[in-house]
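Some notes on the structure that comes next.
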């Protein structure tokens, strides 16, 4: 009898961690990891098949339509929507709050403390998701939710970890199209991805990849770099692309340059190898000039004045390459210092609706 009671008590203790008291406060350890796909609330267990992350920046005019269309397309599926306001300067925060209040059971709203950037905002949304798959689409209504649903079904059918949407005909401004093309060419060289793979923000990812993205979060996130490194089960399907109906694109040359730098310095050693190559070429160039100056001095035209100008140019080239190499090395060291200092990729002001606490 005693043995049975002891065994039952021991079994219960192993299943449910016992509360402990810290500074007069009772702390109960969680009974399951927070990354578990089934989220247990006070009454029912809810399983989410797909989470949809929508990063928001100055999209107050289109966000209601985007959310309504998502709800219509995914009606009948176990889904959730996570909208992240990335420091918008219009009234997007108020619109997001209203949406989260209206659809509390389906929508989680994350308000960031300031504008961090698109990849930072997406990362903040990924950390709030609980679906077996996670889709990402833009806030401007140019990404059709029905295409996201098709990408999700394709991922379920093929077992791919990531499905990118490749636009049949891009409706962006020519300047943005050119920038995206250049960025993808650099990504092919730096990341070693297939040249035919088009990296876009419109994608569906498995829980395995999402967890890895959250785990590797740092102050300079570049999500596609982590994706290419984490899995080879990547595919793309052709999708439609709509005209922009509201507002203006936040795409700028500065943002493109910053994103490209994050890709190059955060996920590749090519900048260092490039500086090594430049140093080697400059050394060869300097030796050739030195040889020419020696030939000119002793055999062709002794006392010629041009050799000093030639040597001066060689010295300037060497000095320039040295400064570039020091700059590249300094960029790596600086980014390493920022990462080791614990600078977060984003700061959340509050979370509202869904599983969040009201603010």
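Residue numbers (full-length UniProt numbering): 1 to 359.
Backbone N, C-alpha and C define an ideal beta-carbon position, used for all residues, glycine too.
- Residues 339 and 345 of the same chain have their beta carbon placed closer than 7 Å to that of residue 218, with the five preceding and five following residues left out of the count.
- With respect to the C-alpha of residue 336, the residue from 265, 279, 354 and 290 having the closest C-alpha is 265.
- Membership of residue 208 in the alpha helix (DSSP H) is indicated by the continuous run 207-215.
- At a Cβ-Cβ threshold of 8 Å, residue 280 and residue 204 do not count as neighbours.
- Boundaries of the beta strand (DSSP E) harbouring residue 108: 107-112, taken from the DSSP string.
- Of the candidates 278, 342 and 99, the residue whose Cα lies closest to the Cα of residue 325 is 278.
- DSSP lists no bridge partner for residue 170.
- Annotation: residue 68 to residue 107 spans about 11 Å, alpha carbon to alpha carbon.
- By a beta-carbon distance limit of 8 Å, residue 109 contacts residue 351. Their separation comes to about 7 Å.
- With three or more CB-CB distances shorter than 8 Å, the region 236-248 counts as touching the region 142-152.
- Buried is the label assigned to residue 83, since at least 16 other Cβ atoms lie within 10 Å of its Cβ.
- In this structure, the straight-line span from the alpha carbon of residue 143 to that of residue 80 is close to 17 Å.
- Between residue 164 and residue 198, the beta carbon gap of about 6 Å places them in contact (Cβ cut-off 8 Å).
- If you compare the alpha carbons of 162, 253 and 328 with that of residue 274, the shortest gap goes to 328.
- Take the alpha-carbon of residue 201 and the one of residue 290: they are about 52 Å apart.
- By the criterion of a C-beta distance shorter than 7 Å, residue 125 is surrounded in its chain by 53, 55, 82, 84 and 110, once the five residues flanking it on both sides are discounted.
- With a cutoff of 8 Å on beta-carbon distance, residue 112 and residue 343 are scored as not near each other.
- Here residue 159 is exposed, its C-beta having fewer than 16 other C-beta atoms within 10 Å.
- The beta carbons of residue 267 and residue 225 sit about 4 Å from each other, so the pair counts as a contact at 8 Å.
- In this structure residue 123 is not in contact with residue 63, their Cβ atoms being roughly 20 Å apart against a cut-off of 8 Å.
- Residue 209 is positioned such that its CB atom lies no closer than 8 Å to that of residue 180.
- Contact between residue 314 and residue 285 holds, with the beta-carbon distance rounding to 7 Å and staying under 8 Å.
- If you draw a straight line from the Cα of residue 234 to the Cα of residue 169, it is about 21 Å long.
- For the options 93, 100, 288 and 59, the alpha carbon positioned closest to that of residue 245 is the one of 59.
- Across the structure, residue 78 and residue 130 are spaced so that their CA atoms are roughly 11 Å apart.
- Inside the region 282-340, DSSP marks whole alpha helix (DSSP H) runs of 4 or more residues at positions 306-340, from first to last along the chain.
- Residues of the same chain with a CB within less than 6 Å of the CB of residue 118, apart from the 5 flanking positions on each side, are 55 in chain order.
- Burial check for residue 287: the Cβ neighbour count within 10 Å stays below 16, so the residue is exposed.
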